[in-house]
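Comments concern the structure below.
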Amino acid sequence: MATSGSEASRYRLEELIERAMQEPGQRAAAPPEATIGNAYPAPPERRWLLPDLLVAAGLLHPEMYTPGDDREPPPVPEVEVRNLLTCNSKRGLEGALYVCTPAREGDADGHDYAARAVAEFGVVAVLAQEGRALPEVPVPVVRVPSPAAALGRLTAAFYGNPAARLRVVGLLGSHGKTTTAWLARAVLEERGALTGMVGAVEYAIAEDRLTADGALWEPPTGAAAAGLAAGTSPFHLAPYRGRYGSPEGTPDPMHLHKALAGACDRGATHAVVELSFAALARDRASARLANHVLVFTGAEDLDEVAPGVAPEVCEDIVWEAIDALPDGAAAVVNIQDALGERVAAHLKEAGRHRVITYCPPPQAVTDAPRAPHRLKPDVYVDRAKYSIWETEVVVSTPSGRLQTILPLPGPHNAANVLAAACVGLAVGASPAQIVAGLEAVDLVPGHSEVVDEGQDFSVVVDAARRPRDVARVLRGARERLGAKRVIAVAGAKGRSAPAERAALGAALHAHADVVVLTSDNPGPDWPDRVVAQVAAGFPPAVRRRHAGAALPWLQDPHRVPQWFQRALLLYQSAARRYVVEDRLSAIRVALGMAKARDVVYVLGKGSEDYQEVWDGLTLGRTVKGWFEDRVECRDGLARLPALDSIKDLNRDCLPWTRYPSERKAMEVFRVEDRMNARMEQRRRSQQRLRGRTPQEAMQREADMREEEQRLQEETERTRGQSWPAWVLLEVLMSPLPSNPFTSRAEKFGVDYVDPSQRRDMRHASRKERFQRAGFATGVDLFDAEEVAKRAQRASRFGTQDQGIQWQAPAMDEDEEKRIARAKRFGTDYKPADAPLMDVDVLESRREPSLTAALRREGIYVYGVDLMSTADILRLFTDYGPMYVEWINDSSCVVTFADGGTAKRALAGQGVALAPEPGAWTPRTPENMEYMWHRTRDPVPAAGDNALLMRTASIEDVKPEGRVHGTIFAKALQETLGIGDADAGAYGAEDAQHAPSRDALSYADL
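Residue numbers (full-length UniProt numbering): 1 to 1005.
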């Protein structure tokens, strides 16, 4: 079959794009793993007899039993213990003591796996809870009151208490711990200290990574590495094996001491440890680890930072860590919030510790409440300069001023720099050592990490996942980085609450110019449902923007039929809100749209190198696949030159195209946006004249002018800093022009009236003189509560009459026949047109808009060509009409005293019409205001024809300027055989030859 030229060009374009996305050479590789160092001393081999280990851990002391229990501890067999094991361990170890602790995830418990641990992993003894049932095992079982509480002491004793042999810098707080830990470690290493790390990104000593058991991690080589080079592709995840594996927050006490022992055994003198509230809530003893410096980074968002942990518990953990700090140790406190200020005041009053306080600069974007009485910080930012690539700060300290430049964009990173500088001061580092250590950090994996491949826009990978963290990062980028546009790629995790997902969507919409919703470890949840719940946080005006579409438009294009995909992409492009469930494709879409001076934020995963999805077989069971945002961003940037080589390819929005005809289709939505802005401006101008008297209207006019002047001044101040905001303001309101006649009005002491507003002023005055009194009941008869009251009264008095009722529309047989007939002949049929099929209408009907605000005190009436004002008022006389606002020859708005009276008139005089096929139609009394109604009986004054009615909106106003007839004028020109230029010259002497209004039937028009 022959192919047209345009279709052939389209196929060639798709091949070019596909080739560009597949041919840039080898895939961008992941960052190289650390090289295993050979200078470390070999760790000792540990062997304990079980009784000796229990005595060293204090588990055979009578105090371990409950108060009042005078039982003697039972004898313990002398078996040799070489390792420790729990149900949370990732691999089995020979000769281990198995401790029955609760599982990290789910409701499982270690007691349930005791028999399996003995049979498969060579466990030599089991530590279980007193009174808890346990399967029979062929090894000794030791009972204690709480194995979970004993685990930390048992592990510390087994590994020789490594925390006491190290100088531990502990970081506690709701935010900023990971970035601060990396900066603080760099400062310690600059002083020559061999430093270990236990954090959310990795366990390490110097540049070498450690496993969860404290051993040096070795990347696979030779045959073990075969197949690991296979990368991720769209809609495909490579198997997750042979990787280092991302730590899941603060480890349990056993793995925490194993990691510290792995660093201490290899010669480390210092350790930097992140302490999360969730982990400390399970094991309070870990709060005592910080024996050298304790850093409190702040207490924002305590209701979100630790799911399942109350904010009061988090505060108790902070005070326990402060009280456990040894005498002479240092405390670094962020005094930005009230809790930090109380902690600093308490420490200074006690006088047992060295206290260094800091406070982020005022321009740092944060949601934390400001303390009413603030202490003066010891360390603060004297000057800061932000860009989409880096952050430059000048820090004032008691030892002097520091100036540093870090590749960490965003105002929130200023607080992390201050905290790391305070740690340097606490350990005795000089200002030069602090600056050298800070600037030695090239990146913090997955935390404000800039991916730079020479492009003219910035790409930032960040682990912000909570709604407030996302809002903090994006708002900082919009307000302080000088970005032209902020493009965000984000999604919600599986197993998260729908309310949290909706809050994430609200944060993305409020602070990003372009949003690409995608998947982020959906786990056992359906990805489309997760994305839909995130999109539910968008404002209703956005979600209902294309409510009349055949299918919902906020969904992935691959989930809709092919015939609807292009329309769906155009809808999403108009709102700049896209849904691309495949995360790899979403990243490439965002990178392809970015232009110079834009910043693309890929949020959520951070340094995670896996994607967790449902395995497709068993409900609730998931699998992991290799996926890392940083690698995919580098790979996508490597493919951009191939896309740039395609001539005239427009990547501003989806779908990407180079055809002018398709660009015109996209331009329709841009014109629509400009028209909506003009309608908003018109609505604002009409609101100025909503006063009931001319004097009130004049006062409202003056107030609106003052408000516009204030907004204009605010726009000028923020120009160049928040680009989308001032552009929108300039569209919605133009500067007020200077008028020499205003001074003349002031001279004579009269109010100045703009000539363009005099017509509206006269209309308001005329409305005041001629409007009727009307009446207002103040009761909405169709409210659910009022309907229930009427039903209860009718039941009490035994009557069936409940007054005015509204019936939901239904499609009768005649309507279905008309629709089928129209479909057979290929014509459009709307049920709302049926009542006026035989009526001579001169003007087109105004369809309601979902985005326009309603005027609930008014009813829009259509088909009144033959009626006068008195006829219309007589039609609604039982409901107290106040005034008739004529729009054109065929339509008007009838106003009432209040919205309740207008709804009574609409339900009493009208019958709801059946919906159009495939349209979104509410069918409840609460939504009757959005539906068309026709009069119950023919109206004699309208030629015994029915009228159409609905609730009026702010768009139902008389057009400004000269009103030109639409249908009647065209029919008149065609009948007389004259053009547009001759229509105005139609003289009075020819009026006798012109057809009358009655002579023009609907068929002629």
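Heads up, the beta-carbon is just placed ideally off N, CA and C, and yes, glycines get one too.
| Check | Outcome |
| --- | --- |
| Exposure label - residue 648; buried when at least 16 CB within 10 Å | exposed |
| Own chain partners of residue 122 with C-beta closer than 6 angstroms, once the 5 adjacent residues on each side are dropped | 94 |
| Residue 928 (DSSP reduced to helix, strand or coil) | helix |
| Residues of its chain near residue 252, where Cβ-Cβ distance is below 8 angstroms and the 5 sequence neighbours each way are ignored | 86, 88, 101, 104, 151, 279, 282, 283 |
| Entirely enclosed beta strand (DSSP E) segments - the region 383-442, minimum 3 residues | 391-397, 400-406 |
| Proximity below 8 angstroms, CB of residue 891 to CB of residue 930 | no |
| CA nearest to the CA of residue 640, picked from 118, 617, 589, 573 | 589 |
| Short Cβ contact (8 angstroms threshold) for residue 291 with residue 163 | yes |
| Residue 101 - DSSP class collapsed to helix/strand/coil | coil |
| Beta carbon of residue 936 nearer than 8 angstroms to that of residue 913 | no |
| Buried or exposed by the 16-neighbour rule on C-beta atoms within 10 Å, applied to residue 354 | exposed |
| Exposure label - residue 452; buried when at least 16 CB within 10 Å | exposed |
| Residue 617 classed as buried or exposed, judged by whether at least 16 other C-beta atoms fall within 10 angstroms | exposed |
| Straight-line gap, residue 908 to residue 944 (C-alpha atoms, nearest Å) | 18 angstroms |
| Segment contact flag, the region 380-389 with the region 407-416, C-beta cutoff 8 angstroms, min 3 pairs | yes |
| Where the alpha helix (DSSP H) through residue 516 begins and ends | Not the alpha helix (DSSP H): residue 516 falls in the beta strand (DSSP E), residues 514-517. |
| Cut-off 6 angstroms between Cβ atoms - residues of its own chain near residue 264, not counting five sequence neighbours on either side | 162, 165, 166 |
| Span of the beta strand (DSSP E), counted from its first residue to its last, around residue 854 | 854-862 |
| 7 angstroms Cβ shell around residue 324 - same chain, five flanking residues per side excluded | 287, 288 |
| Inter-stretch contact (C-beta, 8 angstroms, three-pair minimum) for the region 416-425 and the region 458-465 | no |
| Enclosing alpha helix (DSSP H) for residue 565 [first to last residue] | 562-575 |
| Residue 183 versus 404, 154, 561, 276, residue with shortest Cα-Cα distance | 404 |
| Secondary structure, alpha helix (DSSP H): runs of 4+ residues fully inside the region 255-283 | 277-282 |
| Counterpart residues of residue 624 in DSSP-defined beta bridges | 612 |
| Enclosing alpha helix (DSSP H) for residue 158 [first to last residue] | 147-158 |
| Chain-order list of residues whose beta-carbon lies under 7 angstroms from that of residue 254 (same chain, five-residue window excluded) | 84, 86, 151, 155 |
| For residue 872, the residue or residues it bridges with in DSSP | For residue 872, which the question treats as bridged, DSSP gives no partner whatsoever. |
| C-alpha gap between residue 623 and residue 581, whole angstroms | 17 angstroms |
| Residue 484 versus residue 852 - alpha carbon distance | 30 angstroms |
| Alpha-carbon to alpha-carbon, residue 440 and residue 421 | 14 angstroms |
| Cβ shell of residue 269 (< 8 angstroms), same chain only, five flanking positions each side left out | 166, 167, 193, 194, 195 |
| Contact belief for residue 1015 with residue 480 at Cβ below 8 angstroms, rounded distance in angstroms | As shown, the chain starts at 1 and ends at 1005. That puts residue 1015 outside it, with no answer to give. |
| Cβ-Cβ distance between residue 499 and residue 604 below 8 angstroms | no |
| Rounded Cβ spacing between residue 240 and residue 626 (contact assumed at less than 8 angstroms) | 5 angstroms |
| The alpha helix (DSSP H) enclosing residue 904, as first and last residue numbers | 899-909 |
| Endpoints, beta strand (DSSP E) assigned at residue 197 | 195-198 |
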